[in-house]
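Engineer: Take a look at this one; I'll ask things after.
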Amino acid sequence: MVFSHPFFVYAFLAVLFAAFFAVKGNAVRRGILIAFSLVFYGWGEPVYVFLMILTVGFDYLFGRLIDVYRDPKMKKLWMVLSVAVSLAILGFFKYTGFAVETVNALIGTSIPVPKIVMPIGISFFIFQAMSYVIDVYRGDTPVQKSFTRLLLYVSLFPQLIAGPIVRYKDIEDQLDDMSVRPFEINDGIYRFAVGAAKKLLIADTCFAAAESFYALTDVTVMGRWIGAVFFALQIYYDFSGYSDMAIGLGKMFGFKFNENFNYPYASRSATEFWRRWHISLGTFFRDYVYIPLGGNRRCHIRNIVVVWFLTGLWHGASWNFVLWGLFYGVLLIFEKKFFLGFMERINPVVSEIISRVYVAFITVFGFALFYFTDDTAKSIGYLFGIGVDGFSDIFARSLFMGNLNLLIAGILFSLPTVPFIVKLFRSRFKVSYEARRYVMTAVSIALLLLSTVRMIGDTYSPFLYWNF
Amino acid sequence: MNNNFNNNSRPAFRKGQVNDRSTAGINRPVMTPEERARRERLKRERIRREMIRRRKRADFICLAVVAAVFGLIAVLNMFQLDRPTESEVEKRKLAEFPRITFESLVSGDFTEGINLYFADTFLFRDSVVSLSKKLDSLKGYELDLGDGGFEVLDPGTSKDEDDSSVGDILAGLEDNTQADTSKPDEEPVPEGGIRINKTALTLTVGGGAVLTAELDETVTDDVTWEVDNADAVELTFDEDGAKLKAKASGEAVVTCRAGDASAVCKVKVESIAFGGVDNGGTADFMTNGLFIYGDAVYTQPWYLENYASEYGDTLAYYKKIFPDSRVSACVIPTSAIRIDNGEIREKLPDQAEIFTRLDELIGTKVNFVNTYAEMYNHRDEYIYFKSDHHWTQRGAYYAYKAFVESVGLEAAEHDDFNIKVLTDSYSGSMYEYTKNDKVKSFKDTVEAFMTKKKLTMTVTDRSGAVTVYDTAIMESSKTYSAFLCGDNPYTVINVPENPQDRNILVLKDSYGNAFVPFLAENYGNIMVVDTRYTTMNVKEMFADYDLTDILFINNLEAANSPAWAKMYLRAAGVAVD
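Line by line, the protein sequences are chains F and Z.
If you're matching positions, the first sequence starts at 47 in this note's numbering and goes up one per residue.
If you're matching positions, the second sequence starts at 1010 in this note's numbering and goes up one per residue.
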């Protein structure tokens, strides 16, 4: 089940709401959430839902073992074992095919590539379960003796499939009290509405625009770049929209998740970008890979390369994702060693302009890397005029005009435009709490209705043939 | 005025009054500083509680409103009494509630099916879908080229020429010795008896055959023929032999007698084979490379040398199997011939070149009608629809003119018709497909060139039902389907006042519909076959029909499509996969 499908909103969520708020009592509510979360996951993965439960079972067991054993060496053993099991599961489902292909390409063998279906959200729930065990081992969080509470943490449907990666220690104290106040529910609904609008109104339309540019048989430089911009917009709105929906849904049921995106396209460097983009992944790798490896104290460059290799790889089982990750790794090293210092020293206006252009370029270029799983080299070449049919043509110009409003809106809202306007307004006018809430509700309703229109409209599939 | 606290526990200071304890108790209440502080604290708490209550109320109202709006939608949607099963707008059956089986549950198909069913039967779906398309029009503008707006609707996919299986089939026909399986092998004429050329025969309704008899020398009586099932097979005979006409499905036995000798032929009559035919995705072509320019929607012209060559060879095969008939091809250019704008023309394949090349590929094999020149010369007239990918009848007239003149007949003039307007607000296929707001504003006029001649048209439709009309154009229909009642497997038009020995077999795609009615000006019998909806074997069916002309009408893209070449080969009785 996906958040952006009418069945989720108007059947699943509607029933869940009714059930959850009709009852009182933490245990019952917890039970309802777990039950619905399992149904949510099982809806799309009727078989692998048991894998997920099993994973939680393993990690619950390992957590208890770590807690029970006093000998540090044994504790370490259990932790290493649990991490190994988790990575093995993730590796098997997600990376087997990729690994075999790579081996074939490198050594020249022709081992048949197994076609393994990857359970949805596996990258997220494996990481979350791992984070629990490691944190227990490190003593950052007390062990969870209730299996149901641990299950609730991992399977909680808002963040199960598309993140953010919620750390156990961030949510540990929210697992007991299931009460929710009306203003939290309203906040949650608003956040969900914003996320839905980002995904359905902007992201999907940007994707269609990007596709139409890339579908042009005559390749033009202008067409490719604008298509790349739309793709960069699509990724941001899609991913951050999903995170917004997840955070909103969590809030509706009393859970506070950390922010996952903070206007990344307003960054002035790649370093800043990764503090604003997919924050939960960045902090995960920082806390569990970068710092244990020595951070910036020991083998700094090596650590950066490892982390970015893994970051790229996490995004997908294909070399262009790794390339994308390493691309950022290189940029980060370049920035740390030279660029950031340089920007500090020169004229602020100039540095502002340079950093904005620089970030725009690396973002769009980076996501072009991300998008082209086949023909990566050729597609990059197009961006620089190699192998194109021209700089621009009437089709590219027409697609550009035909998507101009979308482009402007997309860029505008990817920057902190709305917060800026709101702050400006509130500095001039006093706005009461009630007024703010009413406006927020009106916006939620409007955005959700428009998103619903899009949701249904997206299922339009006319049967053309017989009519002809 | 010392009026910082607007509450009632402290009266306003009256002018002249002194704030000292001497007047205490008379006009003023007494307050110690502690009391004052306490009162202020209570007041602040009361204000705070009031504010919290107001805020909670606001929160509650907000929540209630949202819950009401979306709860209502959810409930109304969930408890719909009559869920729709078909979409008028999308012309398809909507998803049904999925069947519960173990496999469907385990594979996830069942839940996926519920998702589909739920979305397909959502409340007010059709209106919501059009609203969604309207939202789309907000995302940008058309490109102004000075002489019209330009907007890409579908960028089109690049076309690859693969080796199609048509090539192999055609190669196999080169040394074709298709054995006639119904011929008796080497059977001598029985002593004192008759041998008929066929002892078993399968015909399709509407088809025919000729039977001849060979007599043993000793037999000298006259030969007569008879059939036992006149409903299925109509029999006429003369000294040359017997002419059979298949009228209805069934079985019949044809007996040939001469004195005491006799021979039989078992005849089986089958109905025309209907049903969905694998057309290899013809529809894709029509939606490839769509753009708006000015006041119309256009499709990009398309040319693939290999496929065009195979098309020509396929038509040439018809010439081989119908040696006494003239085979012609009318390939119709796309509406892009109307475009004069240089920038656009630069990006589109040049149709003048394409048709020259087609003439070289096809014109050497069959009569390749010069439709391109005729239509190009009249491109400023209303020859194509603006919101439909088809041509108008006015456009089809010019192709008709080019065709009949190429076979030595005289074309009728505009005056020979009653030109009627069926509707002036036609929104055609391009709107149906794109649902684009701009396209919606292109209103088309459907003109019908009604013949002044009397005719009957017998239509066998896709369900097998046969209907007889006295006109070839349905005036009551307000769409392109008015012509020939749309696409049907098999249609026969008979015009009594035209020479009855002038017959034509037309194999067509939907462009043929607007064209065929014009043939009623010249031909006595017109047989129209749409190979998308029938697998009939025209070779068998018209083996004895004495066809004067065979005409293929296809739009440019169909003529460059291996799917069409295959269908035509199948109709010629060739085994295709």
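Even for Gly, the Cβ is constructed at its ideal location relative to N, Cα and C.
Whole angstroms is fine: what's the gap from S490 of chain F's alpha carbon to S286 of chain F's?
Structural biologist: The count along the first sequence starts at 1 and reaches residue 490 of chain F at position 444. The count along the first sequence starts at 1 and reaches residue 286 of chain F at position 240. Using only the alpha carbons, I get a separation of about 17 Å.
Engineer: Taking only the alpha-carbon atoms, compute the straight-line gap between A1067 of chain Z and E480 of chain F and give it to the nearest angstrom.
Structural biologist: Numbered from 1 along the second sequence, position 58 holds the residue referred to as residue 1067 of chain Z. Numbered from 1 along the first sequence, position 434 holds the residue referred to as residue 480 of chain F. Rounded to the nearest angstrom, the two C-alpha atoms are 6 Å apart.
Engineer: Among Z:V1501, Z:E1160, Z:V1525, Z:N1386, which one has its Cα closest to the Cα of F1551 of chain Z?
Structural biologist: Stepping through the second sequence from its first residue, residue 1551 of chain Z is reached at position 542. It is Z:V1501.
Engineer: Do the CB positions of L1493 of chain Z and V1537 of chain Z come within less than 8 Å of each other?
Structural biologist: Here residue 1493 of chain Z corresponds to residue number 484 of the second sequence, with the count starting at 1. Here residue 1537 of chain Z corresponds to residue number 528 of the second sequence, with the count starting at 1. A contact, by the Cβ cut-off of 8 Å.
Engineer: So, L1528 of chain Z versus C1339 of chain Z, is the Cβ gap smaller than 8 Å?
Structural biologist: Reading the second sequence from its first residue, position 519 is the one you call residue 1528 of chain Z. Reading the second sequence from its first residue, position 330 is the one you call residue 1339 of chain Z. It is not a contact, given that the beta carbons lie outside the stated cut-off.
Engineer: Please classify M1087 of chain Z as buried or exposed, where buried requires at least 16 other C-beta atoms within 10 Å of its C-beta.
Structural biologist: Taking the first residue of the second sequence as position 1, residue 1087 of chain Z is located at position 78. That one is exposed.
Engineer: Using three-state DSSP, classify D1555 of chain Z as helix, strand or coil.
Structural biologist: On the second sequence, residue 1555 of chain Z is found 546 positions in, with the first residue counted as 1. DSSP places D1555 of chain Z in coil when its eight states are reduced to three.
Engineer: Name the two residues that bound the continuous alpha helix (DSSP H) containing Y1307 of chain Z.
Structural biologist: Within the second sequence, the letter at position 298 stands for residue 1307 of chain Z. No alpha helix (DSSP H) contains Y1307 of chain Z, which is instead part of the beta strand (DSSP E) from 1305-1308.
Engineer: Which ranges does the alpha helix (DSSP H) cover as unbroken runs of at least 4 residues, wholly within the region 1327-1389 of chain Z, from first to last along the chain?
Structural biologist: Listed in chain order, they are 1351-1356, 1360-1371, 1380-1386.
Engineer: Got a sec? Which residues, its chain only, sit under 7 Å from L386 of chain F by beta carbon, not counting five neighbours each side?
Structural biologist: As a first step, residue 386 of chain F must be located in the first sequence, where it is residue number 340. Only S315, T317 meet the Cβ criterion.
Engineer: Would you report the Cα separation of L133 of chain F and F173 of chain F, rounded to the nearest angstrom?
Structural biologist: Indexing the first sequence from 1 puts residue 133 of chain F at position 87. Indexing the first sequence from 1 puts residue 173 of chain F at position 127. Spanning the two alpha carbons is a distance of roughly 9 Å.
Engineer: Out of F:D105, F:Y56, F:V74, F:D181, which one is the CA nearest neighbour of V1084 of chain Z?
Structural biologist: The sequence position of residue 1084 of chain Z within the second sequence is 75, counting from 1. Of the candidates F:D105, F:Y56, F:V74, F:D181, the one whose C-alpha sits nearest the C-alpha of V1084 of chain Z is F:Y56.
Engineer: Would you say T1380 of chain Z and A1420 of chain Z are within 8 Å of each other, going by their C-beta atoms?
Structural biologist: The residue given as residue 1380 of chain Z occupies position 371 in the second sequence. The residue given as residue 1420 of chain Z occupies position 411 in the second sequence. Contact: no.
Engineer: Contact between the region 1504-1517 of chain Z and the region 1471-1480 of chain Z: three or more CB pairs below 8 Å?
Structural biologist: At 8 Å Cβ cutoff, the stretches do not touch.
Engineer: With distance defined between alpha-carbon atoms, name the residue in F:V189, F:Y94, F:I502 nearest to D105 of chain F.
Structural biologist: On the first sequence, position 59 is the one that residue 105 of chain F refers to. Among F:V189, F:Y94, F:I502, the Cα nearest to that of D105 of chain F is on F:V189.
Engineer: What residues match up with W1234 of chain Z in a beta bridge as DSSP calls it?
Structural biologist: Start at 1 with the first residue of the second sequence, and residue 1234 of chain Z comes out as number 225. Answer is Z:C1265, bridged to W1234 of chain Z.
Engineer: Quick one: residues in its chain with C-beta nearer than 8 Å to the C-beta of K140 of chain F, no 5 flanking neighbours on either side, listed in chain order?
Structural biologist: By 1-based counting over the first sequence, the position of residue 140 of chain F is 94. The answer, listed in chain order, is M164, I168, S169, A363.
Engineer: Quick one: does E1314 of chain Z have its CB under 8 Å from some CB of chain F?
Structural biologist: Taking the second sequence and counting its residues from 1, the one referred to as residue 1314 of chain Z is at position 305. Taking Cβ atoms only, chain F never reaches closer than 8 Å to E1314 of chain Z, which makes this a no.
Engineer: In chain F, what lies closer than 7 Å to K1142 of chain Z by C-beta?
Structural biologist: Along the second sequence, one-based indexing puts residue 1142 of chain Z at 133. G503, listed in chain order.
Engineer: Do the region 1561-1572 of chain Z and the region 1316-1335 of chain Z touch if we need at least three Cβ pairs shorter than 8 Å?
Structural biologist: Touching, yes, given that three or more Cβ pairs across the two stretches are closer than 8 Å.
Engineer: If I measure Cβ to Cβ from E1484 of chain Z and keep anything under 8 Å in the same chain, skipping five residues before and after, which residues do I get?
Structural biologist: By one-based count along the second sequence, residue 1484 of chain Z stands at place 475. Only K1429, L1431, A1457, M1459, A1491 meet the Cβ criterion.
Engineer: Evaluate V590 of chain F with the Cβ neighbour count: other Cβ atoms within 10 Å of its Cβ, from every protein chain shown; 16 or more gives buried, anything less gives exposed.
Structural biologist: The displayed coordinates of chain F run from 47 to 514. Any statement about residue 590 of chain F would go beyond what the structure contains.
Engineer: For the candidate residues F:G433, F:F367, F:A312, F:L327, whose alpha-carbon lies nearest to that of V403 of chain F?
Structural biologist: As a first step, residue 403 of chain F must be located in the first sequence, where it is residue number 357. The option with the nearest alpha carbon to V403 of chain F is F:A312.
Engineer: Does W89 of chain F get closer than 8 Å to chain Z when you measure Cβ to Cβ?
Structural biologist: The residue given as residue 89 of chain F occupies position 43 in the first sequence. Taking Cβ atoms only, chain Z reaches closer than 8 Å to W89 of chain F, which makes this a yes.
Engineer: In chain order, what residues of the region 51-74 of chain F put their CB closer than 7 Å to some CB of chain Z?
Structural biologist: So the close ones are H51, P52, F53, Y56, A57, A60.
Engineer: Under 8 Å between C-beta atoms, does F1014 of chain Z make it to chain F?
Structural biologist: Within the second sequence, residue 1014 of chain Z is the residue found at index 5, counting from 1. Summary for F1014 of chain Z: the model assigns pLDDT 49, below 50, so the residue's position carries little reliability; its value from the coordinates is reported in the next sentence. No, because no Cβ of chain F sits closer than 8 Å to the Cβ of F1014 of chain Z.
Engineer: Where does V48 of chain F sit, in a helix, a strand or coil, going by DSSP?
Structural biologist: To locate residue 48 of chain F, count along the first sequence from 1; it is residue 2. V48 of chain F: coil per DSSP, three-state reduction.
Engineer: Quick check on the DSSP output: the beta strand (DSSP E) that includes I180 of chain F runs from which residue to which?
Structural biologist: For this step, residue 180 of chain F is matched to residue 134 along the first sequence. Unbroken run through I180 of chain F is the alpha helix (DSSP H), 168-184; no beta strand (DSSP E).
Engineer: Counting C-beta neighbours from all protein chains within 10 Å, is the total for A414 of chain F 16 or more, i.e. buried, or is it exposed?
Structural biologist: By one-based count along the first sequence, residue 414 of chain F stands at place 368. It is buried - the Cβ of A414 of chain F has at least 16 other Cβ atoms within 10 Å.
Engineer: Counting C-beta neighbours from all protein chains within 10 Å, is the total for A1188 of chain Z 16 or more, i.e. buried, or is it exposed?
Structural biologist: In the second sequence, the residue the question calls residue 1188 of chain Z occupies position 179. Confidence in A1188 of chain Z is poor, its pLDDT being 38 and thus under 50, which makes the residue's placement unreliable; the coordinate value appears in the next sentence. Exposed, by the Cβ-count rule.
Engineer: Check whether chain F comes within 8 Å of V1115 of chain Z, counting only Cβ atoms and requiring the distance to be less than that.
Structural biologist: Locating residue 1115 of chain Z in the second sequence gives position 106, where the first residue counts as 1. For V1115 of chain Z, the answer is yes, since a Cβ of chain F falls inside 8 Å of its Cβ.
Engineer: Which runs of the alpha helix (DSSP H) at least 4 residues long sit entirely within the region 66-111 of chain F? Give them in chain order.
Structural biologist: If we require 4 residues or more, the alpha helix (DSSP H) runs fully inside the region 66-111 of chain F come out as 72-90.
Engineer: Which residue's Cα is closest to the Cα of S1486 of chain Z: Z:W1311, Z:Y1391, Z:S1434, Z:G1080?
Structural biologist: What you label residue 1486 of chain Z is simply residue 477 of the second sequence in a count that begins at 1. Ranking the options by Cα distance to S1486 of chain Z, first place goes to Z:S1434.
Engineer: Give every residue of the same chain whose Cβ lies closer than 8 Å to the Cβ of F1131 of chain Z, excluding the five residues on either side of it in the sequence, and list them in chain order.
Structural biologist: Residue 1131 of chain Z sits at position 122 when you count from the first residue of the second sequence. Answer for F1131 of chain Z: N1086, V1137, listed in chain order.
Engineer: Measure the alpha-carbon distance for T463 of chain F versus L470 of chain F and round it to whole angstroms.
Structural biologist: By one-based count along the first sequence, residue 463 of chain F stands at place 417. By one-based count along the first sequence, residue 470 of chain F stands at place 424. Each residue's Cα considered, the two are about 11 Å apart.
Engineer: Is there a C-beta anywhere in chain F that falls below 8 Å from the one on T1488 of chain Z?
Structural biologist: In the second sequence, the residue the question calls residue 1488 of chain Z occupies position 479. Answer no: the Cβ-Cβ gap between T1488 of chain Z and chain F never drops below 8 Å.
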